Every structure is written in C-alpha cells, then in structure tokens.
Amino acid sequence: MTKIKRRTFLKGAAALSASGALLHHFTSSTAVQAQSSGPAGSTLPARSPLGISDDLFNPTEYSSIDGRLVKTMWMGFNKVILPSGPTILRNFNDSLPGPTLRINAGDTLELAFENRLPENRPDQPTEVNIPNHFNTTNLHYHGFHVSPKGNSDNVYLNIEPGDKFNYVVQVPKDHPAGSYWYHPHRHGSVSAQVAQGAAGMAIIKGALDDVPAIKEAVERVLVIQAPIPGVDGILDSEDPIWPLDAERDFLVNGEYKPRIYIREGEVQRWRILHAGDAQFFPFKIDGLEIYEIGRDGNPLPEARLVEEVHLSPGNRVDVLVKGATPGAYLLRRPFFDQGKQSLPPVHLANIYVIPANDSRVPPGTPFGREIPKGPLPDNPILVDITDAEITHRRKIVLGVEDVKGYFHDTLFTINDEPFDPKRDDVVSKLGSVEEWTLINTTPFPHPIHIHVNPFQVMSVNGVADPDKPWMDTIAVPAAGTVVFRTRFLDFDGRYVMHCHILPHEDTGMMINVNIEP
4 MTKIKRRTFL
14 KGAAALSASG
24 ALLHHFTSST
34 AVQAQSSGPA
44 GSTLPARSPL
54 GISDDLFNPT
64 EYSSIDGRLV
74 KTMWMGFNKV
84 ILPSGPTILR
94 NFNDSLPGPT
104 LRINAGDTLE
114 LAFENRLPEN
124 RPDQPTEVNI
134 PNHFNTTNLH
144 YHGFHVSPKG
154 NSDNVYLNIE
164 PGDKFNYVVQ
174 VPKDHPAGSY
184 WYHPHRHGSV
194 SAQVAQGAAG
204 MAIIKGALDD
214 VPAIKEAVER
224 VLVIQAPIPG
234 VDGILDSEDP
244 IWPLDAERDF
254 LVNGEYKPRI
264 YIREGEVQRW
274 RILHAGDAQF
284 FPFKIDGLEI
294 YEIGRDGNPL
304 PEARLVEEVH
314 LSPGNRVDVL
324 VKGATPGAYL
334 LRRPFFDQGK
344 QSLPPVHLAN
354 IYVIPANDSR
364 VPPGTPFGRE
374 IPKGPLPDNP
384 ILVDITDAEI
394 THRRKIVLGV
404 EDVKGYFHDT
414 LFTINDEPFD
424 PKRDDVVSKL
434 GSVEEWTLIN
444 TTPFPHPIHI
454 HVNPFQVMSV
464 NGVADPDKPW
474 MDTIAVPAAG
484 TVVFRTRFLD
494 FDGRYVMHCH
504 ILPHEDTGMM
514 INVNIEP
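Going by this note's numbering, the sequence shown opens with residue 4, and the numbers climb by one from there.
Structure follows, in structure tokens:
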C-alpha cells in the first residue's frame with residue numbers, strides 16, 4: 004500500500020507561534036482550580052453536588068457567560084496515581100478527566116489550545132494506518148452539529164508539540180440539548196491519547212433542562228475511563244492498548260470505586276459519558292430505578308424505566324436515578340461478551356442511599372422528587388425521516404484483514420479500503436437525506452460514529468427499532484447489520500465516520516465524508 008505522510012496544517016498564517024520554552028506539567032489529577040469569572044466564562048471547582056466530602060466530585064466546570072465561553076485548554080503530561088500505581092498520562096488541563104464545558108444552544112465556544120507535550124520520537128512510522136506521533140494532537144467536539152471546517156470541528160488538523168491553535172465553534176440556536184464530549188482526534192495518536200484519559204464532558208443546555216422535574220434534580224457528571232499507563236513511565240507504544248481483553252481499571256471522574264450519595268426518595272440527574280477506548284460498558288444498579296431521558300445528546304420522547312443501560316465507547320446517556328431504601332448499592336457492569344471476547348464483571352462505584360434529612364447535606368441543596376410524566380421537549384432537527392425523503396442509499400462494509408507490516412499485522416477496512424486522508428469515500432450534497440446499511444463482516448462489534456450530523460437508527464440485525472432513536476454512535480453487532488438514516492443539514496465540508504474502538508480507527512477503520520454546497 005502507498006505510504007501517505009500526514010499533512011501538517013498548522014503552518015504559516017493559520018498557526019500561532021509557540022512562545023517560550025516548552026512547559027511540562029506534573030501535577031496531581033485531583034488539584035482543584037480556583038473559582039473565577041469574567042465576561043468570557045466562569046470556572047466552578049470540582050465539588051460534590053451534595054456537599055459531602057467523601058462523595059464523588061463533579062469535574063471542574065467551565066461555563067459560558069453572555070453567549071461565549073473563552074478558555075485556555077492544553078494537553079500535557081500529568082502525574083496521576085492509578086490503582087496500579089503512579090504514572091504519567093497525557094491529559095487536558097492537568098486533570099483526569101478534563102474540565103466539563105457547559106454552554107447554551109446558540110453560544111460560541113472559543114478555546115485557545117496549546118500542545119504542551121514534548122517532541123515526538125524521531126523513529127515514527129510514515130504509514131498513515133500504523134499508530135504514530137503520540138504527541139501530535141487536536142480537538143474533536145463529539146456529537147456537536149457544527150461546521151467541520153477551518154478552526155471549528157476540524158479533525159484533519161495536526162497540532163504539533165509546542166504549537167498553539169485557536170478553536171472557534173459556533174453552536175446553532177436549535178442544537179439539541181444534552182450531553183456531548185471532547186477528545187483528541189488526530190489519526191495515528193487518537194487511541195493512545197484517549198486511552199490515557201484525554202477527554203471531558205461537554206454540555207449543551209436547552210429546553211430539556213427546563214422541565215420542572217429535571218430542573219429540580221441534583222446533577223451529576225460521570226466520566227467513565229480506563230487509563231492505560233506506559234510500560235515504563237510514558238506510553239510510547241500501542242501494545243498495552245491493543246488487546247481488547249487487557250485488564251483495565253475503570254475509573255469514574257478519575258476515582259476508583261468511588262462513593263456516590265443519594266437521599267432516600269431523591270431523584271438525581273446523571274450525565275454519563277463512556278470515554279474509554281475499547282471495551283463496551285453496559286451497566287446496571289440492582290435495587291434502584293433508572294429512567295433514561297437522553298442518549299448521545301439527543302432527548303428521548305419520554306422518560307423510560309430501564310433495567311440496564313448499554314454504552315459502547317463514545318456513547319453518552321442522561322438518566323434519572325431514584326433513591327430507594329437507605330443502604331448500599333452497586334453500580335456495575337455485568338459479565339459481557341464483546342464479540343468473541345469475554346469481558347469480566349466490573350464493580351464501578353458504590354452507591355449509598357442516605358436519609359432524606361442527612362445532616363451532612365447543606366440546607367438549600369436541591370432535592371428532586373419527581374420523574375417527568377408525558378412527552379419531553381422535542382427538537383426541530385430530530386424529526387422522523389420518512390421513506391419519501393430518501394435521496395440516496397448506500398452499503399458500508401466493515402472488515403479486517405491480516406496484512407504483514409501493519410500493527411500486529413492487522414488492517415481494518417471500510418468497503419475493503421483502509422483510511423486514506425486524501426480520498427473522498429462518500430460524496431453528497433448539502434440537504435441530501437440518505438439511508439446507510441452498515442454490514443459487519445468481522446467477529447467484533449464496532450461502535451460506528453459519524454461526525455457533524457446525528458442519525459436515526461431504523462433497524463439492528465434486520466429487526467426494526469420501534470423507538471427509531473437519534474444517535475451519533477451505534478454498535479454494529481459482530482457479523483451483523485445496522486440501518487440508519489441521516490440528513491446532511493446546515494454544514495458542508497469534509498469530516499469522517501469511523502469505529503470508536505479507537506485502535507481499530509487508528510489501524511484503518513475510518514472514511515472521509517465530503518458534503519458539497
């Protein structure tokens with residue numbers, strides 16, 4: 004296969020020159036930033052939403068003010084203590100996970116981004132589908148319906164060590180309200196960086212947040228990660244990440260088996276992000292009621308009682324959790340078969356239901372008690388796609404090949420081709436409406452994510468989905484199929500679709516989508 008060298012975009016006028024010496028940050032992942040505010044946003048330190056000292060803290064949060072969120076973000080080395088011991092990870096803003104970004108539909112997100120990592124080792128592969136250049140990075144706004152061009156959600160950027168770049172992301176006023184996230188997306192290093200914990204929640208507020216029963220509830224942000232350290236110090240090889248069944252210590256907001264408190268009779272809103280790199284994470288809480296209200300940032304038609312929530316890498320879910328009889332409960336992943344891999348149960352967190360009048364909770368702390376009844380607010384861009392709207396149908400085949408010379412002699416493909424940044428795999432017109440059939444020929448399920456536009460799931464393995472949910476990441480079963488429909492609205496330009504088992508993406512399972520004006 005032709006060797007393709009990645010293009011560097013941060014040269015000339017588009018790049019901001021690095022100032023001063025390269026900084027290396029070795030600080031505790033639990034450090035709390037001082038609260039500050041200004042015309043370009045506010046910062047809220049990490050804290051327990053119930054004000055209890057040993058409760059799980061929500062991550063540090065940056066919030067917009069008067070329609071803008073302007074902050075400095077960076078990627079650098081961060082010294083962290085994992086269950087396996089101290090290590091050095093590549094993280095955003097010296098924290099695991101990164102700060103939560105909270106904005107409103109219609110806001111502008113302006114991030115002055117700095118790559119504070121050291122130079123890459125010189126002995127790097129030049130083949131695009133072999134993991135490489137782990138210190139080159141960028142930012143992707145996963146699930147955002149925004150422009151993929153210029154300094155918006157442009158995943159073709161290479162931000163090299165020592166470089167800076169200004170992101171300006173304009174969020175539409177009709178953007179669905181929900182939970183999204185951000186993470187690196189530079190092909191070749193994305194799996195290594197996300198697997199080390201470089202990710203954070205992004206919240207877009209809207210009508211769903213004004214539903215009285217939801218507005219009254221305490222809100223928790225839960226970011227699930229399984230950071231993978233290097234063999235000796237800094238991770239500089241894909242080998243520790245590659246095995247799907249490798250032992251992983253799952254963390255919530257950087258904590259191992261944390262305590263989560265909820266009062267008897269209380270309803271809490273939990274925003275949950277699966278920011279891991281490879282393993283699926285279906286979870287349940289035996290003994291407590293869970294009501295799903297949103298998935299992948301898209302509100303559901305109504306609150307739905309569920310026994311188990313299925314998350315593949317990249318998925319988010321908004322749920323309401325109701326406290327029952329005081330006592331201890333487990334947030335856990337049951338035993339799970341991910342294709343031909345058997346994954347063990349995971350004890351993720353300890354949930355403690357405490358008395359409604361527990362003295363550790365400060366007076367005036369919100370106390371939600373109700374589950375919304377009836378329809379939740381709809382959204383003008385999440386309208387069912389009818390047969391009559393379809394302008395084109397496509398078949399997308401997911402595959403894998405044994406090819407000597409690639410990482411572990413493995414090459415993942417889409418339509419029999421590995422990723423090529425110069426090739427347009429799908430070309431369509433702005434305003435088109437398409438139906439895609441994803442056909443998985445491999446023995447692994449693949450969580451497929453498409454950028455910019457959400458899609459409506461029509462069927463899985465030939466069985467129609469009566470809910471027809473709107474998502475941006477869908478697990479295509481091993482040797483199975485998924486049919487979804489999508490509208491190419493508002494934004495032209497090039498972006499990608501790929502597997503969110505990130506070692507699969509970095510070894511070829513990605514295509515370019517070009518939407519022409």
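Each residue gets a CB set at the ideal place from its N, CA and C atoms; glycine is no exception.
Being a predicted model, the structure only gives us computed values, none of them experimental.
Between which two residues does the alpha helix (DSSP H) harbouring glutamine 215 extend? The amino acid at residue 215 is misidentified as glutamine; the sequence shows proline. Run containing proline 215: 215 to 218, per the alpha helix (DSSP H) assignment.
Uninterrupted beta strand (DSSP E) stretches inside the stretch 395 to 431 (no shorter than 3 residues): 395 to 405 and 413 to 417
Can you tell me where the alpha helix (DSSP H) with alanine 195 in it begins and where it stops? 193 to 198
Cβ-Cβ distance between glutamate 113 and valine 149 below 7 Å: no
Measure the C-alpha to C-alpha separation of serine 66 and asparagine 107 and round it to an integer number of angstroms. 9 Å
State the Cα-Cα distance for the pair leucine 160 and valine 485, rounded to the nearest angstrom. In this structure, the CA atom of leucine 160 is about 30 Å from the CA atom of valine 485.
For the beta strand (DSSP E) that contains proline 302, what are its first and last residues? 301 to 309
With distances taken Cα to Cα, identify the nearest neighbour of threonine 440 among Pro446, Gly434, Gln459 and Glu292. Gln459
Would you report the Cα separation of glutamate 438 and proline 448, rounded to the nearest angstrom? 20 Å
If you check the beta carbons only, do histidine 143 and histidine 188 fall under 7 Å apart? yes
Of all the options Gly257, Gly300, Leu314 and Pro215, which has the alpha carbon lying nearest to the alpha carbon of threonine 271? In the sequence under discussion, the amino acid at residue 271 is glutamine, which differs from the threonine named in the question. The residue with the shortest Cα to Cα distance from glutamine 271 is Pro215.
Just how far apart, CA to CA, sit alanine 16 and glutamate 64? For alanine 16, the predicted structure reports a pLDDT of 27, less than 50, and the residue's modelled location is therefore unreliable. A value from the coordinates is still provided. Whole-angstrom Cα-Cα distance: 32 Å.
Hey, would you say aspartate 468 sits closer than 7 Å to proline 457, going by beta carbons? no
For arginine 534, tell me which candidate among Arg119, Glu222 and Val172 has the shortest Cα-Cα distance. In the structure displayed, the chain extends from 4 to 520; residue 534 sits before or after that span and is not available.
Give me whichever residues DSSP pairs with valine 356 in a beta bridge. DSSP, once it has assigned bridges, lists Ile265 and Gly330 as partnering valine 356.
Please state whether DSSP places glutamate 508 in a helix, a strand or coil. helix
Can you tell me which of the three DSSP states alanine 201 falls into? coil
Alanine 467 in three-state terms, based on DSSP: strand
Assigned exposure category for leucine 308 - 16 Cβ within 10 Å defines buried: Around the C-beta of leucine 308, fewer than 16 other C-beta atoms lie within 10 Å, and the residue is accordingly described as exposed.
Could you check if asparagine 118 is buried or exposed, using at least 16 other CB atoms within 10 Å of its CB as the buried criterion? buried
Using the three-state DSSP reduction, which class does alanine 478 fall into: helix, strand or coil? In the structure shown, alanine 478 sits in a strand (DSSP, three-state: E or B).
I think leucine 211 touches glycine 165, with their Cβ atoms under 8 Å apart; what is that distance to the nearest whole Å? Wrong, their Cβ atoms sit about 41 Å apart, outside the cutoff.
Straight-line CA distance for threonine 489 to methionine 500? If you draw a straight line from the Cα of threonine 489 to the Cα of methionine 500, it is about 13 Å long.
Could you check the C-alpha separation between asparagine 382 and glycine 236 for me, to the nearest Å? Annotation: asparagine 382 to glycine 236 spans about 47 Å, alpha carbon to alpha carbon.
Grouping DSSP H, G and I as helix and E and B as strand, with all else coil, what is glutamate 373? coil
Answer yes if the stretch 398 to 407 comes into contact with the stretch 290 to 302, meaning at least three C-beta pairs across the two stretches below 8 Å, and no otherwise. Taking 8 Å as the limit for Cβ pairs, the verdict is that the stretch 398 to 407 does not touch the stretch 290 to 302.
Taking C-beta to C-beta, are leucine 225 and isoleucine 288 nearer than 7 Å? no
Output the distance between the C-alpha atoms of isoleucine 293 and lysine 325, rounded to the nearest integer angstrom. 7 Å
Around the Cβ of serine 129, are there at least 16 other Cβ atoms within 10 angstroms (buried) or fewer (exposed)? The question names serine, but residue 129 in the sequence shown is threonine. Exposed, since its Cβ has fewer than 16 Cβ neighbours within 10 Å.
Relative to the alpha-carbon of aspartate 252, which residue among Leu385, Asp239, Pro348 and Thr140 has its alpha-carbon at the smallest distance? A check of alpha carbon separations from aspartate 252 across Leu385, Asp239, Pro348 and Thr140 identifies Pro348 as the nearest.
Have a look at the DSSP bridge pairing and note the partners of arginine 336. Val349
Rounded to a whole number of angstroms, what is the C-alpha to C-alpha distance between arginine 396 and phenylalanine 147? Their Cα atoms are separated by approximately 24 Å.
Could you compute how far the alpha carbon of leucine 53 sits from the alpha carbon of histidine 145? 29 Å
Proline 369 to glycine 342, Cα distance in whole Å? 43 Å
Would you kindly work out how many angstroms separate the C-alpha atoms of lysine 218 and leucine 238, rounded to a whole number? 42 Å
Provide the residue span of the beta strand (DSSP E) that contains glutamine 271, from first to last. 270 to 277
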